[in-house]
Ligand code: CO
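Structure (structure tokens):
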């Protein structure tokens, strides 16, 4: 967070500039049957869908649904140690897994989250996400029961 000066009446006051979340980058939905979910989005909802893409380093196979204002990512476990397998075990019919907001500066965002008492998952160091950009995940218990991903825009 960079301090900035705010004109208040005739005097300037130094304030902390808050990092603000930006665009909704995507909503991720874990699905038990990727082909069926793809068909649902393509044929029932009429959305533009990608081919299925295996992401071995992330342990998921993904279909990207492109909407006019954001994306939906359909996720299915890939490999033995997929991070979404336990979610699917708990929610056999699938469900919303996380939402991803863009931020301008991932490290400033992390520092702000931690200074406000929100938990950053893992080591706290950004990892390279599915879009080759640095990402962090925030604890769902600190955000109204929703796993939040922050992605550097
Ligand atoms: Co994501």
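Residue numbers (the numbering used here): 1 to 153. Glycine included, each C-beta is placed from N, C-alpha and C at the ideal position. Being a predicted model, the structure only gives us computed values, none of them experimental.
Asked	Found
Straight-line gap, residue 118 to residue 136 (C-alpha atoms, nearest Å)	12 Å
Complete runs of the beta strand (DSSP E) confined to the stretch 25-74 [at least 3 residues]	53-55 and 60-66
Stretch pair the stretch 80-90 + the stretch 99-107: three plus CB contacts closer than 8 Å	no
Per-residue DSSP class, three states only, for residue 113	helix
Straight-line Cα distance separating residue 61 from residue 23	24 Å
Under the three-state DSSP convention, the category residue 18 falls into	coil
Spatial neighbours of residue 156 in its chain, beta-carbon cut-off 8 Å, leaving aside the 5 residues before and after	Shown here, the chain extends from 1 to 153; a query on residue 156 therefore has no answer.
Near the ligand CO: residue 102 beta-carbon under 7 Å from a heavy atom	no
Residue 28: CB within 7 Å of a non-hydrogen atom of the ligand CO	yes
Whole runs of the beta strand (DSSP E) within the stretch 79-149, excluding any shorter than 3 residues	95-103 and 134-138
Supposed contact pair residue 28 and residue 75 - C-beta distance, whole angstroms, cut 8 Å	6 Å
Buried versus exposed call for residue 154 [16 or more other C-beta atoms within 10 Å across all chains shown]	The structure shown has nothing for residue 154, since the chain only spans 1 to 153.
Beta-carbon proximity list for residue 54, same chain, < 7 Å, skipping 5 on both sides	61 and 78
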